[in-house]
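All remarks here apply to the structure that follows.
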Amino acid sequence: MEKVVIYGAGQLGAMVACILSPRNDVQVVGFIDDDPHQVGQQYDGLKVVGDASLLPQLHQQGITAAIVAIGNNRIRGRIATHLTATGFELINAIHPTANISKKARIGKGSIIGAGTIICSNSVIGSNLYIGPGAVISHDTSVGDNVLLSVGCVVAARVDIASGAFIGAGARLVPAEWGRENRLRIGENAVVGAGAVVLKDVPPNAVVVGVPARILRYRDPEAN
Ligand SMILES: CC(C)(COP(=O)(O)OP(=O)(O)OC[C@H]1O[C@@H](n2cnc3c(N)ncnc32)[C@H](O)[C@@H]1OP(=O)(O)O)[C@@H](O)C(=O)NCCC(=O)NCCS
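Numbering (the working numbering), first residue to last: 218 to 440.
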């Protein structure tokens, strides 16, 4: 049985613990959190054992797997890179009710919520958070460190670049039929809750509405 530490003791951390606890191939040993007020706290019988400085010691003790449970894409990505560099293997936390095609490919370190559907020939990166009830249709690609919020719908032939944030209930749909027509969501773009995106979204753009239009551009260096 592989021993796992969850990085992040907030709501997402609790969700990951809930998904992993019934599994008999992994054992969650506790949380890591950088908030000093969290260290020593206990949630559902799992202790916040320390901050990032404890990682090498945990690894030496045989805790070799980890997953980052932090919503912010940039921070989640940074911590995942640090964990890998420290020798941890990143594991996925996939809710048992998620329906994932055997013909879909999924990377490492992702949290996939209840009722999520991922269809055939989709290629999903690493360190994603995919909220409950999200639907990712066939022949779609999703980069690393992406967040797909609860209930969003990604139609077939959509490409979402790394770091993008897709808000709750948003719908991403290529406007034109046909295999050659794809919809592209740029790196670090933000799609507002409830938006219907029919046209390509440039990197760092924030889009909202039905149909979605550009509201502003975000600072690519900001968290
Ligand atoms: C898109 C978003 C990031 C924009 O945030 P922001 O830059 O702070 O925008 P503001 O709140 O300042 O709003 C600016 C304008 O856009 C409008 N707007 C903001 N979000 C909108 C949305 N989702 N749909 C339609 N219009 C929206 C506001 O009404 C406002 O319009 P006004 O200028 O006419 O008053 C944010 O509103 C959003 O939708 N976040 C997603 C939240 C979510 O899905 N969370 C899920 C977590 S699991």
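In this text, a Cβ means the ideal position worked out from N, Cα and C, and glycines have one as well.
Give the C-beta separation of His312 and Ile223 to the nearest angstrom, bearing in mind that I take them to be a contact with Cβ-Cβ under 8 Å.
-> That belief does not hold up - the Cβ atoms of His312 and Ile223 are roughly 15 Å apart, past 8 Å.
Confirm the yes/no value for this check: CB of Gly384, any heavy atom of ligand 1, distance under 7 Å.
-> yes
Is the Cβ-Cβ distance between Ser343 and Leu307 less than 8 Å?
-> yes
Please determine if the segment 283-297 and the segment 254-265 are in contact, where contact requires at least 3 C-beta pairs separated by less than 8 Å.
-> no
Indicate whether Gly403 and Ala385 have their beta-carbon atoms separated by less than 8 Å.
-> no
At what residues does the beta strand (DSSP E) containing Gly230 begin and finish?
-> It is not in any beta strand (DSSP E) - Gly230 instead sits in the alpha helix (DSSP H) that spans 228-237.
According to the Cβ coordinates, are Asn362 and Arg293 closer than 8 Å?
-> yes
Report whether the distance from the Cβ of Ser366 to the nearest heavy atom of ligand 1 is below 7 Å.
-> yes
Are the beta-carbon atoms of Val265 and Phe248 separated by less than 8 Å?
-> yes
Starting from Ile296, trace the alpha helix (DSSP H) both ways and give me its first and last residue.
-> 290-302
Distance cut-off 7 Å: Leu432 Cβ against heavy atoms of ligand 1 | yes
Could you round the C-beta distance between Val413 and Arg388 to whole angstroms and report it? I think they count as a contact, below 8 Å.
-> 5 Å
Do Gly409 and ligand 1 come close, with the Cβ less than 7 Å from some heavy atom?
-> yes
In or out: Pro182 buried (at least 16 other Cβ within 10 Å) or exposed?
-> In the structure as shown, the chain starts at 218 and stops at 440, and residue 182 therefore has no counterpart that could be examined.
Beta-carbon separation of Val243 and Asp250 under 8 Å?
-> no
Cβ neighbours of Pro391 in the same chain (closer than 7 Å, five flanking residues each side left out) = Ala372, Arg374, Val375, Asn398, Arg399, Leu400
Would you say the beta carbon of Val423 comes nearer than 7 Å to a heavy atom of ligand 1?
-> yes
Ser318 in three-state terms, based on DSSP = coil
Please report the residue range of the alpha helix (DSSP H) in which Gln274 lies.
-> 272-277
What are the boundary residues of the beta strand (DSSP E) that Ile249 is part of?
-> 243-249
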